[in-house]
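A.B. asks:
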Amino acid sequence: MIPPQESIRYIAPNQLDASVASIVDVRTAEAFAACHADNALNFCVYEVTFVETIEKAVPDKGSTIVVYGESEQYHAAPVAAHRLQEAGYCNVFVLQGGLEAWIANELPHVKRAPAEKSLAGRYSLNLQKTKVRWIGRNLTNQHDGTIACKSGFLEIAADGSAQSGELVVDMKQIHCNDISDTKLSSLLVSHLESIDFFQTEKYPSAQFSLDRVFLDPTASPGTPNARMEGQMQIRGKKQPLHLECTLAQTDTGYVLQTQFDLDRTAFGAVYGSARFFERLGMHLVNDLVNLQITAFFEKKKTA
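FYI, in the UniProt record's numbering the residues of the sequence shown are 1 to 303.
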């Protein structure tokens, strides 16, 4: 996807004659709105219609087009230039150093001041958006499904760091997704709700309580940037749990994403475990259950 360096032509900001070139910001509309070169067009290279949109705006493929991204560190601009070259544009350049270099050369640009927004406070779990998915396995097969959430919150300090939190799931709302036969699906869920596994009649909820969060400021977006330490409670038993997570700010609050393997036997759900029972044969079930969580936390609107 990233083109070879020798196939790309670069132009320095102080060598660019903006009057004879179409300057194209290839970042997202949000990034463009925050700051962009004066008189630049905005066509996001991440869109599948990128080339088609350029062809409508600049139909003459002999035109000079200069594309830019954030800085030299990233590859959006070279990728954009390569795609335009493949589409038949013959005078395509990448702005050396991107927008960062443009601003450093004191060239005209438009910058929107960020809105002042207080991050501190309690953010409640959005039950509709939040998803908790599970995968249970044996040696030759697996089943997957979801668990409904009951409640949750994330407490954010004034500096934007997470201080505490909680996620409570409804163990009586376990669903199986991969078995289409209703009777067989209900049979599996009933077994999961029984004393063999999660004993949901006696313990209708499971809960993760967040004690500490350690953020990694060097992590790039889309990779885990937080380590969370807390307590998981299932079947009335508590065990410490450390999670690698991705925690990010959204327009309405925060989203937390994580996936991990949980040892069900540590909480007394020992059915089918070879650590507790002999000669299980076809009844063997893996001790580890995989959980995938995408949790949305939002501030309640005040009247």
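All C-beta atoms in this analysis are idealised placements derived from N, C-alpha and C, irrespective of residue type, glycine included.
Using alpha carbons as the reference points, say which of E106, Q96, A80, S7 lies closest to D38.
C.D. replies: For the purposes of this step, residue 38 is taken as the residue at position 38 of the sequence shown. Of the listed residues, the one whose Cα sits closest to D38 is E106.
A.B. asks: Could you give the first and the last residue of the continuous alpha helix (DSSP H) run that contains I156?
C.D. replies: One-based indexing of the sequence shown puts residue 156 at position 156. Where I156 is concerned, there is no enclosing alpha helix (DSSP H), although the beta strand (DSSP E) it sits in stretches over 142-156.
A.B. asks: Over what stretch of residues does the beta strand (DSSP E) that includes A162 continue unbroken?
C.D. replies: Numbered from 1 along the sequence shown, position 162 holds the residue referred to as residue 162. Element bounds for A162: 162-176.
A.B. asks: Could you check the C-alpha separation between E74 and A113 for me, to the nearest Å?
C.D. replies: Residue 74 sits at position 74 when you count from the first residue of the sequence shown. Residue 113 sits at position 113 when you count from the first residue of the sequence shown. Per the sequence shown, residue 74 should be read as Tyr rather than Glu. So the two alpha carbons sit approximately 24 angstroms from each other.
A.B. asks: Is the Cβ-Cβ distance between A272 and L280 less than 8 angstroms?
C.D. replies: Here residue 272 corresponds to residue number 272 of the sequence shown, with the count starting at 1. Here residue 280 corresponds to residue number 280 of the sequence shown, with the count starting at 1. Looking at the sequence shown, residue 272 is not Ala but Gly. Yes. Within cutoff.
A.B. asks: Using 8 angstroms as the threshold, is the C-beta distance between V94 and I8 below it?
C.D. replies: The residue given as residue 94 occupies position 94 in the sequence shown. The residue given as residue 8 occupies position 8 in the sequence shown. The answer is yes: Cβ separation under 8 angstroms.
A.B. asks: Count the C-beta pairs between the stretch 283-300 and the stretch 256-263 that are closer than 8 angstroms, then say yes if the count reaches three, no if not.
C.D. replies: Output reads yes: the stretch 256-263 touches the stretch 283-300.
A.B. asks: Going by beta carbon distance, what residues of the same chain come within less than 6 angstroms of R83, once the five residues before and after it are set aside?
C.D. replies: The count along the sequence shown starts at 1 and reaches residue 83 at position 83. For R83, where only same-chain residues beyond five positions count, the Cβ hits under 6 angstroms are V51.
A.B. asks: Would N42 and A21 be called neighbours here (beta carbons separated by less than 8 angstroms)?
C.D. replies: Counting from one through the sequence shown, the residue named residue 42 turns up at place 42. Counting from one through the sequence shown, the residue named residue 21 turns up at place 21. Result no, Cβ atoms of N42 and A21 do not sit closer than 8 angstroms.
A.B. asks: If you follow the alpha helix (DSSP H) that E193 is in, where does it begin and where does it stop?
C.D. replies: By 1-based counting over the sequence shown, the position of residue 193 is 193. Segment 182-193, the alpha helix (DSSP H) holding E193.
A.B. asks: Near S71, what residues of its chain come up, given a Cβ to Cβ distance below 8 angstroms and the 5 sequence neighbours on each side ignored?
C.D. replies: If you number the sequence shown from 1, residue 71 lands on position 71. Cβ neighbours of S71 beyond the five flanking positions: G97, G98, L99, E100, A101.
A.B. asks: Just checking, does the stretch 126-133 make contact with the stretch 185-203 on the three C-beta pairs under 8 angstroms criterion?
C.D. replies: Contact between the stretch 126-133 and the stretch 185-203 is absent, because fewer than three Cβ pairs lie under 8 angstroms.
A.B. asks: Relative to the C-alpha of G230, which residue among T246, A248, D211 is closest?
C.D. replies: Within the sequence shown, numbered from 1, the residue matching residue 230 stands at position 230. Ranking the options by Cα distance to G230, first place goes to D211.
A.B. asks: Assuming T223 contacts E298 (C-beta within less than 8 angstroms), just tell me the rounded distance between them.
C.D. replies: The residue labelled residue 223 in the question sits at position 223 within the sequence shown. The residue labelled residue 298 in the question sits at position 298 within the sequence shown. Actually they are not in contact, since the Cβ atoms of T223 and E298 sit about 24 angstroms apart, beyond 8 angstroms.
A.B. asks: Which residues does DSSP list as the beta-bridge partners of H283?
C.D. replies: Taking the first residue of the sequence shown as position 1, residue 283 is located at position 283. Answer is none; H283 lacks a bridge partner.
A.B. asks: Mind pulling the beta strand (DSSP E) runs of 3 or more residues that sit fully within the UniProt domain "Rhodanese" (17-111)?
C.D. replies: Runs found: 22-25, 35-37, 64-68, 91-95, 109-111.
A.B. asks: Can you look up E6 in the DSSP assignment and give me helix, strand or coil?
C.D. replies: Start at 1 with the first residue of the sequence shown, and residue 6 comes out as number 6. Reduced to three states, the DSSP call for E6 is helix.
A.B. asks: Could you check where the beta strand (DSSP E) with M1 kicks off and where it finishes?
C.D. replies: Along the sequence shown, one-based indexing puts residue 1 at 1. Careful: M1 lies outside any beta strand (DSSP E) and carries neither H nor E.
A.B. asks: Going straight from the alpha carbon of A34 to that of K111, what length do you get?
C.D. replies: Residue 34 sits at position 34 when you count from the first residue of the sequence shown. Residue 111 sits at position 111 when you count from the first residue of the sequence shown. When rounded, the distance between both Cα atoms is 6 angstroms.
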